[in-house]
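Undergrad: In UniProt numbering, the protein residues as written are 1 to 417.
Where is the CB? At the ideal position from N, CA and C, for every residue including glycine.
So that we are looking at the same thing, I have put the structure below in structure tokens.
So, in structure tokens, the structure goes:
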């Protein structure tokens, strides 16, 4: 086929056409690199499944589990993680610290708490557990680079014989999936050996085995919601004022509930705007054009071509989000007519679109909606780095480093129990 073989599209019409529920566009070979091996065999998941029928079969049992209605039943284990994090922040009151990993510890422990009814212990250790961070970061680099050359994968990490040799020669090398599967197996065995207690409430009791692949994304979402707001004084002042006013009026619990935070409109706008500007994934979401080809923006794209768009492109479209689409302005979600707001919502691509959208979206939103106001109620947060911005590396995930804050405890910031 003559070039261009891969077409990147900025037109918002590509979202419902290519990624919509009824789309005929299948995923490309890019995703094959993410198929993990378990006991020597490939283990397809919702992210990697190319066949629509297989994807539907994998997704069907999880839709209800990952619904916001169901997830709100898990606020208690999330609150326990929040209490630990708040204590950690109070212990370093006023200090300048790189918090890049702090929110990652929190996100990983939240996921394990609601999945297995027990934390893996990232917060207590204040560090990596079983090299999960290191393994996931290593794989993100590999996925980002080799995803552009998927034909090489069967000769590298997609080659089980080579992996066995590498494991023998380099036993201390990061393992992207092995430790994760070990933890899942252990928790399943523990669950199966227990009496089926009626009061057990976790994902395992509903699915017996389900793990959210986007804990990295949740950590970045939390950091972005905080840091964008902090570095925009007008927005920061408005949000803090709303939170403290709600506290003084007695509308906030000691650990803020999701329903309570939902009633803070400016908070919701801040979260939405941070997610718009800083999607956790920054690579094109590749799809294969069906055999009959397709029309996009007045151009014909032949069948077999790879077509894609990505969140940073869609989310900063000036025709949709305004001439200041590159700027952090939460008010844009509050001061629009209904038709413009609908267009913005349709174009918003942070979690993807349609049936292939991120299954962990509601977990991320639940965490952010509860934790951001909790932190801002208890602390005055300021950017404390000599650099204007943090460092970002893009290898599938947008890897953020040098996120330096100072958390200063507020007088009366804690609500009464």
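1) Any idea if residue 93 is buried or exposed, counting beta-carbon neighbours within 10 angstroms, 16 or more meaning buried?
2) Mind checking residue 300: buried by the 16 CB within 10 Å criterion, or exposed?
3) For residue 416, collect the residues of the same chain with a Cβ closer than 6 Å to its Cβ; drop the 5 residues on either side in sequence, then sort them by chain order.
4) Pick helix, strand or coil for residue 87, following the three-state DSSP scheme.
5) Which partner residues does residue 383 have in the DSSP bridge list?
6) Among the residues of its own chain, which have a CB less than 7 Å from the CB of residue 28, if the five just before and after it don't count?
7) Does the distance from the C-beta atom of residue 358 to that of residue 312 stay below 7 Å?
8) Using the beta-carbon count (16 or more within 10 Å), is residue 102 buried or exposed?
9) Let's test the definition: count the other Cβ atoms within 10 Å of the Cβ of residue 79 and tell me whether it reaches 16, buried, or not, exposed.
10) Can you tell me whether DSSP reads residue 245 as helix, strand or coil?
11) Just checking my contact of residue 104 with residue 406 at CB under 8 Å: how many whole Å lie between their CB atoms?
12) Specify, as a first and last residue, the run of the beta strand (DSSP E) that residue 98 falls within.
13) Verify whether the separation of the beta carbon atoms of residue 85 and residue 106 is less than 7 Å.
14) Three Cβ pairs or more, each shorter than 8 Å: is that satisfied between the stretch 338-352 and the stretch 236-250?
15) Measure the CB-CB distance between residue 316 and residue 325 and report whether it falls below 7 Å.
16) How many whole angstroms separate the CB atoms of residue 67 and residue 362, which I take to be in contact at a CB cut-off of 8 Å?
17) In angstroms, rounded to a whole number, what distance separates the CA positions of residue 74 and residue 261?
18) Specify the secondary structure class of residue 75 as computed by DSSP and reduced to three states.
19) Alpha carbons only, please: which of 15, 76, 60 is nearest the one belonging to residue 367?
20) Mind pulling the alpha helix (DSSP H) runs of 4 or more residues that sit fully within the stretch 102-134?
21) Give me the Cα-Cα distance between residue 347 and residue 360, rounded to the nearest whole angstrom.
22) Taking 7 Å as the threshold (C-beta atoms), are residue 373 and residue 243 in contact?
23) Alpha carbon to alpha carbon, how far is residue 409 from residue 162?
24) What residue range does the beta strand (DSSP E) around residue 8 cover?
25) Going by C-alpha distance, which of 37, 57, 233, 364 is nearest residue 71?
26) Return the Cβ separation of residue 404 and residue 384 in integer angstroms, given the expectation that the two are a contact with Cβ distance under 8 Å.
27) Would you decide whether residue 126 is buried or exposed? Buried here means 16 or more other CB atoms lie within 10 Å of its CB.
28) Nearest CA to the CA of residue 172: which residue from 9, 55, 130, 15?
29) Does residue 369 come out as helix, strand or coil in the three-state DSSP assignment?
30) Which residues bound the beta strand (DSSP E) around residue 451?
31) Is it true that the stretch 133-148 meets the stretch 393-401, where meeting means three or more beta-carbon pairs spaced less than 8 Å apart?
32) Evaluate residue 165 with the Cβ neighbour count: other Cβ atoms within 10 Å of its Cβ, from every protein chain shown; 16 or more gives buried, anything less gives exposed.
33) Tell me which same chain residues have a C-beta within less than 6 Å of the C-beta of residue 10, skipping the five on either side of it?
34) Distance, Cα to Cα, residue 382 vs residue 119?
35) Quick check on residue 117: buried or exposed, where buried means 16 or more other Cβ atoms within 10 Å of its Cβ?
36) Hey, out of 303, 356, 292, 277, whose CA is closest to residue 318's CA?
TA: This is what the structure holds:
1) Residue 93 comes out exposed.
2) By the C-beta density criterion, residue 300 is exposed, having fewer than 16 other C-beta atoms within 10 angstroms.
3) Note that residue 416 scores 49 on pLDDT, short of 50, meaning its location in the model is unreliable and no value can be drawn from it.
4) If DSSP states are grouped into helix, strand and coil, residue 87 belongs with the helices.
5) Paired residue(s): 405.
6) The residues 286, 287, 288, 306, in chain order, have a CB closer than 7 Å to that of residue 28 in the same chain once the five nearest residues on each side in sequence are set aside.
7) Not in contact: residue 358 and residue 312 (Cβ atoms no closer than 7 Å).
8) The residue is buried, with at least 16 neighbouring Cβ atoms inside 10 Å.
9) Buried, since its Cβ has 16 or more Cβ neighbours within 10 Å.
10) Correct three-state label for residue 245: helix.
11) So it is not a contact: roughly 19 Å between Cβ atoms.
12) Judged by DSSP secondary structure, residue 98 falls within the beta strand (DSSP E) whose first and last residues are 96-98.
13) Result yes, Cβ atoms of residue 85 and residue 106 sit closer than 7 Å.
14) Remark: fewer than three beta-carbon pairs, one from each stretch, lie closer than 8 Å, so the stretch 338-352 and the stretch 236-250 are not flagged as touching.
15) The Cβ-Cβ distance between residue 316 and residue 325 falls below 7 Å.
16) About 7 Å separates the two Cβ atoms, so the contact holds.
17) Note on geometry: alpha-carbon atoms of residue 74 and residue 261 lie some 16 Å from one another.
18) In the three-state scheme derived from DSSP, where H, G and I count as helix and E and B as strand, residue 75 is classed as helix.
19) Selected option, being the one with the closest Cα: 76.
20) If we require 4 residues or more, the alpha helix (DSSP H) runs fully inside the stretch 102-134 come out as 102-116, 122-125.
21) The alpha-carbon atoms of residue 347 and residue 360 are separated by roughly 19 Å.
22) By the CB criterion at 7 Å, residue 243 and residue 373 fall inside the cutoff.
23) Residue 409 and residue 162: Cα-Cα distance of roughly 52 Å.
24) Unbroken beta strand (DSSP E) run through residue 8: 6-8.
25) Comparing Cα positions, the closest option is 364.
26) Contact between residue 404 and residue 384 holds: their C-beta atoms lie close to 5 Å from each other, under 8 Å.
27) Around the beta carbon of residue 126, fewer than 16 other beta carbons lie within 10 angstroms, which makes this residue exposed.
28) The shortest C-alpha separation from residue 172 is found at 130.
29) Secondary structure at residue 369: helix, using DSSP grouped into helix, strand and coil.
30) Look at the range of the chain in this structure, 1 to 417, and you will see that residue 451 is not part of it.
31) Touching, per the Cβ criterion.
32) In the assembly as shown, residue 165 is an exposed residue. Its beta-carbon has fewer than 16 other beta-carbons within 10 Å.
33) The residues are 313.
34) Approximately 29 Å between the Cα atoms of the pair.
35) Flag for residue 117 reads buried.
36) Comparing Cα positions, the closest option is 277.
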